[in-house]
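What follows is a set of notes on a single structure, which appears directly below.
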Amino acid sequence: MAENNLKTSHMAIVLGIGLGVVLLIILSLLLTIVINRRDRQAFLQSRKSPDERLRNLDVVAQTRTLEDWFTSTKDKMGLSDAVDSQFVCAVCLEQVNRSEEIRELRCLHVFHRECLEKWFLGDHFNCPLCHRAYFVADNPPRNDYVWAV
Ligand SMILES: [Zn+2]
Ligand SMILES: [Zn+2]
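Quick note: the sequence shown, position 5, residue 5 per full-length UniProt numbering, numbers continuous.
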């Protein structure tokens with residue numbers, strides 16, 4: 001009788017270990033599936049259309065005409081109307097005309113709208129001129145472009 005009991009408990013232990021192993025395998029399989037799916041989502045997110053990505057840029061660098069920008073900035077910068085204000089876009093090195101659309105970064109540097117968009121879509125998250133990082137919500141800067149703010 002005692003021997004029987006011993007055998008039963010022995011079997012129970014073996015069964016328990018077996019079940020545990022099976023459960024562990026199932027769990028790790030499930031985890032792999034979840035992680036794979038998360039990777040795929042991250043991958044899909046990083047492949048947003050340029051239009052969607054540019055909406056992120058709008059948050060940190062508004063689009064307006066140079067005329068508009070100059071009117072609201074000259075007071076801040078203490079410039080008078082008499083100042084000969086010529087702006088050169090550091091991306092294409094061309095002069096920016098008053099009627100052209102520009103984007104202004106947090107560092108107050110101004111570029112042609114198209115020039116900064118090209119720069120941004122090329123995964124550059126720093127000002128082309130002073131290299132200060134501009135923060136864009138779901139585009140965390142990649143390591144090789146991170147500079148001190
Ligand atoms: Zn330009
Ligand atoms: Zn700058």
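Even glycine gets a Cβ: it sits at the ideal position worked out from N, Cα and C.
Would you list the residues sitting across from residue i in a DSSP beta bridge?
i	result
Q95	V88
A133	N126
Comparing C-alpha positions only, which one of the options sits nearest to residue i?
i	options	result
H131	E52, L121, L105, I17	L105
R55	C127, F111, T65, F120	F120
L129	V14, Q62, S99, L116	L116
V96	K74, F70, K118	F70
A133	F87, L23, C107	C107
G122	D68, Q62, R53	R53
From the DSSP output, in three-state form, read off residue i for me.
i	result
H112	strand
A61	coil
E101	strand
G78	coil
S28	helix
S72	helix
S49	coil
Please report the straight-line C-alpha distance between residue i and residue j, rounded to a whole angstrom.
i	j	result
R103	L30	47 Å
R98	T65	7 Å
I35	L19	24 Å
S9	T32	34 Å
V14	F125	58 Å
How would you call residue i, buried or exposed, if buried means at least 16 neighbouring beta carbons within 10 angstroms?
i	result
C92	exposed
H109	buried
R38	exposed
F135	exposed
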